[in-house]
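J.:
Numbering (this note's numbering), first residue to last: 4 to 259.
Structure follows, in structure tokens:
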């Protein structure tokens, strides 16, 4: 009996160690995948941060901001600051800290160049937006999360704020697309209704105008006097008789 129990215990231990080994292997695979996707995400984020370089090269070359706006760069700086704050709350957030620190530096350079070459109106509006978004709202988020939340709860709240802001930034073009879709739909409906009612209106006009034309013609024919073919023939006959009976005088008769 003891031997059987020892065998059962050894088998259970063997299965337990085998399960732990499988879990360790799976965890290692997940960590490797997470690390690989983290590096890929940092590379893509870095490329996104470098995307406005041609724009600022043009600004520096022409020494004018032309029609460009500072809103995208201020918003990108705010997003990088939020994710940087989240990375400091997270224990294994080294990759987030790296890429968002680089993002903060790059966006700060962009905004500085924009302020140098901006007009007075654009400069004032950019400074107001920076104070409102990157100082006021960001400071409010840090203060409220530090005071009213602790530990994992604080991390969750800041994570939801970062995710919600990222979604709102990517969904912002819908505010332009949605009215255009409505305008296109209503425009097509208006054209269809115009074509339908235009055809029915032309039919109505022809149906009303045709009787008026017939009535006008018939009224003129009723008031006209009848043509007397017989009288006309009689007059023609008398004229022929007069011309036939009247003979020209001979030249010698008048002198006799």
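The beta carbon of each residue, even a glycine, is placed where N, CA and C say it ideally should be. Just so it is clear, the structure is predicted and the values come from calculations on it, not from any experiment.
Would you kindly work out how many angstroms separate the C-alpha atoms of residue 139 and residue 78, rounded to a whole number?
T.: Taking the straight line joining both Cα atoms gives about 13 Å.
J.: Should residue 55 be labelled buried (16 or more other beta-carbon atoms within 10 Å of its own) or exposed?
T.: It counts as buried.
J.: Please go through the same chain and pick out, in chain order, the residues whose beta-carbon is closer than 7 Å to the beta-carbon of residue 98, but skip the five residues on each side of it.
T.: Excluding residues within five positions, the ones whose Cβ falls inside 7 Å are 41 and 45.
J.: Hey, residue 76 and residue 119: beta-carbon distance below 9 Å or not?
T.: No.
J.: Check each candidate in 73, 172 and 166 and name the one with the smallest Cα separation from residue 86.
T.: Minimum Cα distance to residue 86 is reached at 166.
J.: Specify, as a first and last residue, the run of the alpha helix (DSSP H) that residue 75 falls within.
T.: Counting along the chain, the alpha helix (DSSP H) containing residue 75 begins and ends at 74-92.
J.: May I have the straight-line CA-CA distance separating residue 116 from residue 109, to the nearest angstrom?
T.: In a straight line, the C-alpha of residue 116 is about 11 Å away from that of residue 109.
J.: Let me know the secondary structure DSSP gives residue 71 once reduced to three states.
T.: The answer is coil: DSSP assigns residue 71 none of H, G, I, E or B.
J.: Below 6 Å CB to CB, which residues in the same chain sit around residue 48 once its five sequence neighbours on both sides are set aside?
T.: Taken in chain order, the residues that qualify are 102.
J.: Counting beta carbon pairs with one atom in the region 119-137 and one in the region 53-69, are three or more of them shorter than 8 Å?
T.: These segments touch.
J.: Kindly indicate the opening and closing residues of the alpha helix (DSSP H) around residue 64.
T.: Here the alpha helix (DSSP H) through residue 64 covers 56-65.
J.: Report the rounded CA-to-CA distance for residue 59 versus residue 111, giving the unit in angstroms.
T.: In a straight line, the C-alpha of residue 59 is about 13 Å away from that of residue 111.
J.: What whole-angstrom Cβ distance do residue 137 and residue 50 have, given they're in contact under 8 Å?
T.: The pair is not a contact, with the Cβ atoms about 23 Å apart (cut-off 8 Å).
J.: Ignore the nearest five residues each way along the sequence and tell me which others in residue 72's own chain have a CB closer than 8 Å to its CB.
T.: Contacts found: 125.
J.: Buried or exposed, going by whether 16 or more other CB atoms sit within 10 Å of the CB of residue 134?
T.: Per the 10 Å Cβ criterion, exposed.
J.: Which residue's Cα is closest to the Cα of residue 127: 186, 191 and 74?
T.: Out of 186, 191 and 74, 74 has the C-alpha closest to the C-alpha of residue 127.
J.: What is the rounded straight-line gap between the Cα of residue 90 and the Cα of residue 132?
T.: Approximately 25 Å, taken between the alpha carbons.
J.: At the level of alpha carbons, what is the spacing between residue 142 and residue 53?
T.: So the two alpha carbons sit approximately 27 Å from each other.
J.: Please classify residue 169: does DSSP put it in a helix, a strand, or coil?
T.: Residue 169 falls in the helix class under three-state DSSP.
J.: Taking 8 Å as the limit between beta carbons, can you name the residues of its chain near residue 169, skipping five residues before and five after?
T.: Cβ within range, chain order: 82.
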